[in-house]
Amino acid sequence: MIGYALLLPSLFLFLLFYLYPIVYSFYLSFYEWDLVTPARPVGLGNYRELFRSSEFLDTIGTTVKFSGGVVLLTMIIGLLLALFLNNRTKLAAFLRACIFTSYVVSWVAVSLLWIWLLDPQYGLISYLFRLVGLAPVNWLGDHRIALLSLVLVTVWKIIGYAMIIFLAGLQSINQDYYEATALDGATVWQQFRYITWPLLVPTTVFLLITLTITSFQGFDIVKIMTQGGPVYSTTIYVYYVYEQAFNFFKLGKASAAVTIFFNLILLLTLFQYIYLRRKLSNGA
Numbered sequence: 001m002i003g004y005a006l007l008l009p010s011l012f013l014f015l016l017f018y019l020y021p022i023v024y025s026f027y028l029s030f031y032e033w034d035l036v037t038p039a040r041p042v043g044l045g046n047y048r049e050l051f052r053s054s055e056f057l058d059t060i061g062t063t064v065k066f067s068g069g070v071v072l073l074t075m076i077i078g079l080l081l082a083l084f085l086n087n088r089t090k091l092a093a094f095l096r097a098c099i100f101t102s103y104v105v106s107w108v109a110v111s112l113l114w115i116w117l118l119d120p121q122y123g124l125i126s127y128l129f130r131l132v133g134l135a136p137v138n139w140l141g142d143h144r145i146a147l148l149s150l151v152l153v154t155v156w157k158i159i160g161y162a163m164i165i166f167l168a169g170l171q172s173i174n175q176d177y178y179e180a181t182a183l184d185g186a187t188v189w190q191q192f193r194y195i196t197w198p199l200l201v202p203t204t205v206f207l208l209i210t211l212t213i214t215s216f217q218g219f220d221i222v223k224i225m226t227q228g229g230p231v232y233s234t235t236i237y238v239y240y241v242y243e244q245a246f247n248f249f250k251l252g253k254a255s256a257a258v259t260i261f262f263n264l265i266l267l268l269t270l271f272q273y274i275y276l277r278r279k280l281s282n283g284a
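For the sequence shown, the positions run 1 to 284 when full-length UniProt numbering is used.
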């Protein structure tokens, strides 16, 4: 009983700050409310309005592009870095620490740093372009490349996380496998294809899910660097929800969008859990 009593403060905080907002947001998604007039029940009206809105559908497309680019580049570069730095030399340890540093820096600091670096007039990248005779590029002001710029900045920010997770997976592989195949004349590529990659599948699935969730939640970088522009080219899902709630005061519509987002994240998490459980069962 004492143990349960000690859990009560944490349980209360969980119910107050996690469970209650989720339940209330779901409840509010069936109402039309602007914080001023009384809430009016609309049933599934908010959900119908969302899926009939070309802006909402465009936002989903932008989010898929942003998330897909972030996840793909982060996993490929993170794996290559992990393979390259998977040794015990001092140089490798130093490089791992340098690469991981960006992950522990706040999103606000990273966004402000890259706003300066990408500035078409005073930024370091534009200065380097001028040195080699190239015209500066308006990375954040051109709707054709603004989303790509955010993808690259996000990859730079989280690449250290992917590298560390892949490193943990690589170092958990029994080295006897490599020694045995080396004696049989296997090449480095064959060792990677038939040993490293199959044994990294659980790690890869874990990273795929966590990076997808992280990229879906990329509010800070959009808010600070582009505010969803130019011409809505960088308006991703969470920023769309923010605009509906705090710019247009459509709390019901924003809550409906949040409910859809929550269920998507829940499905991704369940997929990871079921997959890893089956993988462990088969391995056992």
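By construction, the Cβ of each residue, glycine as well, lies at the ideal position given by its N, Cα and C atoms.
Going by DSSP, which residues form a beta bridge with Glu-32? Paired residue(s): Arg-40.
Tell me whether Tyr-240 is buried or exposed, calling it buried when 16 or more other Cβ atoms sit within 10 Å of its Cβ. When all chains shown are included, Tyr-240 counts as buried.
Could you spell out where the alpha helix (DSSP H) holding Trp-139 opens and where it closes? Looking at the DSSP string, Trp-139 is not in any alpha helix (DSSP H), and its letter there is neither H nor E.
Contacting residues, own chain, Cβ-Cβ under 6 Å from Lys-279 (five flanking each side not counted): Taking Lys-279 as the centre and dropping the five residues before and after it, the same chain places the C-beta of Pro-202 closer than 6 Å to its C-beta, in chain order.
Evaluate Ser-255 with the Cβ neighbour count: other Cβ atoms within 10 Å of its Cβ, from every protein chain shown; 16 or more gives buried, anything less gives exposed. Counting of Cβ neighbours within 10 angstroms places Ser-255 among the buried residues, the total reaching 16 or more.
Can you name, in chain order, every residue of its own chain whose Cβ lies under 6 Å from the Cβ of Lys-253, other than the five neighbours on each side? So the qualifying residues of the chain are Asn-46, Gln-244.
Let's see if you can read the secondary structure: which residues bound the alpha helix (DSSP H) around Lys-250? Careful: Lys-250 lies outside any alpha helix (DSSP H) and carries neither H nor E.
Just the C-alpha distance for Phe-246 and Asp-34, rounded to the nearest angstrom, thanks. Spanning the two alpha carbons is a distance of roughly 10 Å.
Separation of Gly-61 from Ser-10, as counted between CA atoms: Roughly 39 Å separates the two Cα atoms.
Classify Ala-162: buried if its beta carbon has 16 or more other beta carbons within 10 angstroms, exposed otherwise. By the 10 Å Cβ count, Ala-162 comes out buried.
Evaluate contact between the stretch 182 to 193 and the stretch 268 to 282, counting only Cβ atoms and requiring at least three cross-stretch pairs below 8 Å. Cβ pair count under 8 Å is below three, so no.
Exposed or buried, Ile-22, counting other C-beta atoms within 10 Å across all chains shown (16 or more means buried)? So Ile-22 ends up on the exposed side.
Would you grab the beta carbon distance between Val-70 and Thr-204 for me? Rounded to a whole angstrom, and I think it's under 8 Å. Rounded, the Cβ-Cβ distance is 15 Å, inconsistent with contact.
Please name the residue, chosen from Gln-217, Tyr-27, Ile-165, that lies closest to Thr-259 on a Cα-to-Cα basis. Selected option, being the one with the closest Cα: Tyr-27.
Simplified DSSP state of Ser-53, which is helix, strand or coil: Reduced to three states, the DSSP call for Ser-53 is coil.
Option nearest Phe-192 by Cα separation, candidates Ala-82, Ser-67, Arg-52, Leu-57: The option with the nearest alpha carbon to Phe-192 is Ala-82.
For Ile-115, I'd like the list of residues in its chain whose CB is within less than 7 Å of its CB, leaving aside the five on either flank, ordered along the chain. Shown here for Ile-115: same chain residues with a beta carbon closer than 7 Å to its own, the five before and five after excluded, namely Met-225 in chain order.
Reduced DSSP category for Val-105 - H, G, I as helix; E, B as strand; rest coil: In the displayed model, Val-105 falls within coil according to three-state DSSP, outside both helix and strand.
Given Phe-51, which residues of its chain have a CB within under 8 Å of its CB, disregarding the five upstream and five downstream residues? Only Leu-57 meet the Cβ criterion.
So what's Ala-186 in DSSP terms, helix, strand or just coil? Here Ala-186 sits in coil by DSSP.
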